[in-house]
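The next block holds one structure in the form of C-alpha cells; read it before the comments.
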Amino acid sequence: MAPVIIIGAGHNGLTTAFYLARAGLSPIVLERRSMVGGAAVTEEIAPGFHAPALAHAIGPLRPTVVRDMRLEGRVEFIRPDPRLITLSPDGHALAFSTDVARTADAIRPLSSADADAYPQFCATLERLGAFLGGILDVTPPSLDGRAVGELWDLLKTGRRFRALGRADSFRLLRWLPMPAADLVAEWFTSDLLQASIAARGIFGVSQGPWSAGTGAALLLNAAFDPVPGGSSVQVKGGPGALTAAMAEAARQAGAEIHTNAPVAQVIVRDGRAVGVVLEDGKEVLGRAVVSNADPRRTFLDLIDPIELDPTFLTRARNYRSRGAAAKINLALSALPSFSGVANPSDLKGRVQIGHSLDYLERAFDASKYGEIPSKPYLDITFPSLHDPSLAPPGAHVMSIHVQFTPYTLSHGWTWPMAGVELRRVVLDTLERFAPGIQLLVLHQQTITPLELEQTYAMTGGHILHGEPSLDQLYAMRPILGWAQYRTPIEHLYLCGAGTHPGGGITGAPGRNAAREIIKALK
Ligand SMILES: Cc1cc2nc3c(=O)[nH]c(=O)nc-3n(C[C@H](O)[C@H](O)[C@H](O)COP(=O)(O)OP(=O)(O)OC[C@H]3O[C@@H](n4cnc5c(N)ncnc54)[C@H](O)[C@@H]3O)c2cc1C
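Okay, here's the thing in C-alpha cells:
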C-alpha cells in the first residue's frame, strides 16, 4: 500500500504518525531538520550544557496521547509544586501551588479578600475549563455541518452547555471575548495575582492583557489545565526527551521517520495531493500528504498557487501569524538567588517576571510598535534542577521565554543584529530580581523571532503557528470552512498547531487529524 507522507516531525506530526501507523496506513515522516521535535527539542547550547531550545513546559499533553503512546513508561514527567512563582520588584513573590488552600494562604498577605475569592475562582475556572475540555478532542463542525457524526457532536456540546447552568453559561459567553485583564480584575485586586493569572491569556500571542479576546486564550488554557498558575509539567531531559520518545512510539507502531529531508513542494495532480518533492529534487509518492508545517507555510510556500482558489489563497494570506516571542537560554556557573524566593526548590516550576497588568501591557505596547520592551515579560525555568545531567556538576541551565519581542522591528533595526539589545535588556531585568546573576553567565543562546522562522520554520516567528484569537479558533482554525484537518486539495491534510485546538505541546491537533485521516482513507 502506498504510504501517507507527513511533512514535519514536530510533536503533532509524530502523534499523527503514531496513530496512522497503528491503523496500518504506513506513514513516512519527512523532517527538514537533523532532529525530530520541532519546537519541543533539547539542544546543546555550550559544551556540557543542554537546554530546551524553545518550549520549556509541556502543554500539558492530552491524557489519551500519553496513554496511547505509552509515554509515562518512556519518559519521566515532572509536575513541580509550586507550579509558578511570580516575582515583584518590591522583593515579594507569589507562589501558585496545585493545592488551592495553600495558594489562598500565599495570597492572604497581599489581600485577604483576594484569598477568600481564590477558591471560588478556581472552582469556576475548573467548571468552564471542563466544558471547553470536551471540545478539545472533537473535530470542529464544518460550514454546512451535514455529516451525522458532526451533528451528533454538536448536539452533545449543546447538551453539555445547557448542563453548565445559567450562571456559568452566561459567564462563559461573557468571558470569551473579554480582555484577560478585565476578567481577572472582576475577581481580584492584587497586582501580583492579577498579572499571574492574566498572563495565561497572553503567553505566546501578539496581544496584551487589555486586548479583547485574550479571555478566550485564558479559557482555552484552562481547558487543558484549569489550575490558575498554568501548566508547569516538565520532562527529565527536557522536551527533546519527550519528542524522542514519541518518535520511538511512532516507529514501534510502524512509522518511518527521516530527518534532513526538507520538503520543497507538494505534488498535486488533478486537484489531489499525490506526493512531495524534496529540496534535493527527489520525489516521494504517497496516497495522501499531511502537513505538520504551519498553515501559511503549507498553503503559500509548499503548494503551487495555481492549485488553490484565489479566495482561499487570500484567506491563507490573511491568516495572522506574526509572533511576539524570543528565547534566551543561559549556561550558568551556579543557581542564581532571587529576592523573595527563600527556598531554591521553589524554582522548580516556572518563574514569572511581569508583576502587574500595567507592566505586561507596556511590554506589549512596545512590541506592537516594533520596539524591544525595556521591561520585558519573562517566563523562566531551570531544567537542570530536575535533571542535573543537563549541565556540569554545580552548574545550571536557565530557559527564558521573552514574551513581546516583535518579529518586525521599527527605527531601522533588524534581526539578528537587535539580538544584542534584546540580551542586554533581559539580563538587566534579571539583575534587578536576582542581583549578581550576570556574573554567573558562562554562555548564552539567543533565538530571535527571525530565527524562529528561519531555523525552526515557524512562519512570522509565531510559536503557536498563528494567533489564537477568537476569529482563528475552533471552527475558524485555520480558516473558516476548513477546520476539519482537510484542505481544498483532496488528500492534503493539516495536523499541526495551526489547526484546532491550537498550539502548545498537547498532541491534540495531531490526534484529531489522525482520526479524520483514518476515517477518510480507511
Ligand atoms: C519559544 C517557544 C516557547 C514555547 N513555550 C511553550 C511552553 O512552554 N509550553 C507549551 O506547551 N508550548 C510552548 N510553545 C509552543 C509549542 O512548542 C508549539 O505550539 C508546538 O510545539 C507546535 O507543535 P507542532 O508539532 O504543531 O509544530 P512544530 O513543533 O513547529 O513542528 C513542525 C515541524 O515541521 C517541520 N517542517 C516545516 N516545514 C517543513 C518542510 N518543508 N519539510 C520538512 N519539515 C518541515 C519543522 O522543522 C518542524 O519540525 C513554545 C514555542 C516556542 C517557539
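Going by the numbering used here, the sequence shown opens with residue 905, and the numbers climb by one from there.
We put the CB at the ideal spot given by N, CA and C, even for glycine.
Everything numeric in this text was worked out from a predicted model, so none of it was measured.
{"Check": "What first and last residue would you give for the alpha helix (DSSP H) that runs through residue 1220?", "Outcome": "1214–1222"}
{"Check": "With residue 1191 and residue 1344 assumed to form a contact (beta carbons below 8 Å), what rounded beta-carbon distance in angstroms separates them?", "Outcome": "Between residue 1344 and residue 1191 the Cβ distance is about 54 Å, and since that is not below 8 Å, they are no contact."}
{"Check": "Could you say if the region 1149–1166 and the region 996–1008 meet the contact criterion of at least three C-beta pairs nearer than 8 Å?", "Outcome": "no"}
{"Check": "Return the Cβ separation of residue 1172 and residue 1393 in integer angstroms, given the expectation that the two are a contact with Cβ distance under 8 Å.", "Outcome": "6 Å"}
{"Check": "By DSSP, does residue 1005 sit in helix, in strand, or in coil?", "Outcome": "helix"}
{"Check": "Going residue by residue through the region 1331–1418, where are the continuous alpha helix (DSSP H) segments of at least 4 residues, counting only ones entirely within it?", "Outcome": "1341–1344, 1353–1358"}
{"Check": "Using a Cβ distance threshold of 8 Å, determine whether the region 1060–1072 contacts the region 1104–1124, with at least three qualifying pairs required.", "Outcome": "no"}
{"Check": "Go ahead and label residue 1052 buried or exposed: buried means 16 or more other beta carbons lie within 10 angstroms of its beta carbon, across all protein chains shown.", "Outcome": "exposed"}
{"Check": "Less than 9 Å between the C-beta atoms of residue 1416 and residue 1048, yes or no?", "Outcome": "no"}
{"Check": "Does DSSP put residue 915 in a helix, a strand or coil?", "Outcome": "helix"}
{"Check": "Just curious, the beta strand (DSSP E) that residue 1229 is in, first and last residue?", "Outcome": "1229–1236"}
{"Check": "Between 943, 1234, 1034, which has its C-alpha nearest residue 1148's C-alpha?", "Outcome": "943"}
{"Check": "With residue 1054 as the anchor, note down where its alpha helix (DSSP H) starts and where it stops.", "Outcome": "1052–1067"}
{"Check": "Please go through the same chain and pick out, in chain order, the residues whose beta-carbon is closer than 7 Å to the beta-carbon of residue 1327, but skip the five residues on each side of it.", "Outcome": "1232, 1348, 1350"}
{"Check": "Bridge partners of residue 1281, per DSSP?", "Outcome": "1307"}
{"Check": "Leaving out the 5 sequence neighbours to the left and right, which residues in its chain are closer than 6 Å to residue 1225 when beta-carbon positions are compared?", "Outcome": "1200, 1363, 1364, 1366, 1370"}
{"Check": "Taking 9 Å as the threshold (C-beta atoms), are residue 1122 and residue 1091 in contact?", "Outcome": "no"}
{"Check": "Looking only at its chain, what residues have a beta carbon closer than 8 Å to the beta carbon of residue 1208, apart from the 5 residues adjacent to it on each side?", "Outcome": "1169, 1172"}
{"Check": "Along the chain, where does the alpha helix (DSSP H) that runs through residue 1143 open and close?", "Outcome": "1143–1157"}
{"Check": "Helix, strand or coil: which one does DSSP assign to residue 1081?", "Outcome": "coil"}
{"Check": "DSSP beta-bridge partners for residue 932?", "Outcome": "909, 1160"}
{"Check": "Is residue 1186 near ligand 1, with its Cβ less than 8 Å from a heavy atom?", "Outcome": "no"}
{"Check": "If you follow the alpha helix (DSSP H) that residue 1037 is part of, which residue opens it and which one closes it?", "Outcome": "1016–1040"}
{"Check": "Is it true that the region 1307–1323 meets the region 1272–1282, where meeting means three or more beta-carbon pairs spaced less than 8 Å apart?", "Outcome": "yes"}
{"Check": "Figure out for me which residue from 1422, 1205, 1136, 995 has the closest Cα to the Cα of residue 965.", "Outcome": "1136"}
{"Check": "Are the C-beta atoms of residue 1064 and some chain B residue less than 9 Å apart?", "Outcome": "No chain B appears in this structure, which consists of one protein chain only."}
{"Check": "What's the gap between the Cα of residue 989 and the Cα of residue 1008?", "Outcome": "14 Å"}
{"Check": "Thinking just about the alpha-carbon of each residue, which of 1143, 1116, 1280, 986 is nearest to the one in residue 1287?", "Outcome": "1143"}
{"Check": "Compare the Cα-Cα distances from residue 1132 to each of 1187, 1065, 987, 1247 and report the closest residue.", "Outcome": "987"}
{"Check": "Beta carbon of residue 1418, beta carbon of residue 1161: below 9 Å?", "Outcome": "no"}
{"Check": "My output table needs one value for residue 1011: the three-state DSSP class, helix, strand or coil.", "Outcome": "helix"}
{"Check": "Starting from residue 971, trace the alpha helix (DSSP H) in both directions and tell me its first and last residue.", "Outcome": "967–972"}
{"Check": "By Cβ distance, which residues of its chain are closer than 6 Å to residue 960, with the 5 residues on each side in sequence left out?", "Outcome": "1285, 1303"}
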